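Here is the structure we will look at, set down as structure tokens.
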Amino acid sequence: MVEICNLVEGRLVRRANRFVLEIEVAGKVERAHLRDSGRLTELMKPGNRVLARPKKREKTSYEVFVIFDEYVPVVVNSSIHTDIAVEILEGEGYRIEGREVKAGRSRIDLLVSRDGVSRLVEVKGCTLVRQGVALFPDAPTERGVKHVREIMERRGMIFFLVMRNDARVFMPNQETHPEFARVLMEARENGVDVRAALLRPELQEDCLTIKFERYLPVEFPEEL
Numbered sequence: 001m002v003e004i005c006n007l008v009e010g011r012l013v014r015r016a017n018r019f020v021l022e023i024e025v026a027g028k029v030e031r032a033h034l035r036d037s038g039r040l041t042e043l044m045k046p047g048n049r050v051l052a053r054p055k056k057r058e059k060t061s062y063e064v065f066v067i068f069d070e071y072v073p074v075v076v077n078s079s080i081h082t083d084i085a086v087e088i089l090e091g092e093g094y095r096i097e098g099r100e101v102k103a104g105r106s107r108i109d110l111l112v113s114r115d116g117v118s119r120l121v122e123v124k125g126c127t128l129v130r131q132g133v134a135l136f137p138d139a140p141t142e143r144g145v146k147h148v149r150e151i152m153e154r155r156g157m158i159f160f161l162v163m164r165n166d167a168r169v170f171m172p173n174q175e176t177h178p179e180f181a182r183v184l185m186e187a188r189e190n191g192v193d194v195r196a197a198l199l200r201p202e203l204q205e206d207c208l209t210i211k212f213e214r215y216l217p218v219e220f221p222e223e224l
């Protein structure tokens, strides 16, 4: 379980740029750091509830952790992805051998081992759900394609974290990035362990806890 405390509630005013939101907190508009470079189109609606943590003022006064999709809390902070994956994998008996490991021209999130076998793990956060289907990516990602290819060469693991609790299945988002969907399917066919973990964000007072609930089925569009 990952826990973040000292959160305050606000309302989304607008997305000022890729990494900055304007949010209203206690009647005052503040700038907040958004650690998610995706489009997040479904979440960027003025008036949506936001949970953010105050920070020492630099360019922004807050750091955003949650944006609500109607009544569903969605975690939108990539800084905690690796810690969540580590907790899940350690619970399955994996040992963490390294973080930000160089592989080819990329840096891969984790190197883990179990039963004498080491493998690289790339962690991706998924925030988009449509009709119960978790979809990644929500914007074209050439970097994501490169990471999948690096993992495929080494038969590692692609670990998707579904950062909300209203999905029943995971699929690559062919409509948004057909190449990513094709490469991910090729990777699984070549022995890559493709996983999608459903997480449960829960709120109590000023704290957010993020718990692993279960693995989702990983499916691919029929036309691939």
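With full-length UniProt numbering applied, the sequence shown corresponds to residues 1 to 224, in that order. C-beta: ideal position from N, C-alpha, C; glycine also. On a predicted model such as this, the values are computed, not experimentally measured, just so you know.
Let me check one thing: in DSSP terms, what residues is residue i bridge-paired to?
| i | result |
| --- | --- |
| A181 | DSSP lists no partner for A181. |
| M157 | V121, D193 |
| C126 | V162 |
| E22 | R14, R31 |
| Q204 | C207 |
| A134 | V129, F170 |
| L51 | E9, V66 |
| I96 | V112 |
Would the beta-carbon of residue i be found less than 8 Å away from any heavy atom of the ligand FMN?
| i | result |
| --- | --- |
| E63 | Summarising the ligand content, the structure contains no ligands, and the ligand FMN is consequently not present. |
Helix, strand or coil for residue i? Go by DSSP, reduced to three states.
| i | result |
| --- | --- |
| T176 | coil |
| M171 | strand |
| R105 | coil |
| residue 268 | This structure gives no information on residue 268, because the portion of the chain shown stretches from 1 to 224. |
| R11 | strand |
| K211 | strand |
| L198 | strand |
What whole-angstrom Cβ distance do residue i and residue j have, given they're in contact under 8 Å?
| i | j | result |
| --- | --- | --- |
| H81 | L161 | 6 Å |
| L51 | V66 | 4 Å |
| I108 | I151 | 7 Å |
| F159 | R195 | 5 Å |
| R164 | V72 | 6 Å |
Tell me which residues share the same chain as residue i and place their Cβ nearer than 8 Å to its Cβ, disregarding the 5 neighbours each side in the sequence.
| i | result |
| --- | --- |
| N48 | R11, L12, I67, F68, D69 |
| T141 | H177, F180 |
| F19 | H33, L34, R35, S37 |
Got a sec? Which residues, its chain only, sit under 6 Å from residue i by beta carbon, not counting five neighbours each side?
| i | result |
| --- | --- |
| R168 | G132 |
| S79 | R35 |
Please list, in chain order, all residues of the same chain as residue i whose beta carbon is under 7 Å from its beta carbon, the five residues on each side excluded.
| i | result |
| --- | --- |
| P172 | F136, F180, A181, L184, F220 |
| E97 | L111, V112, S113, S118 |
| P46 | L12, V13, R14 |
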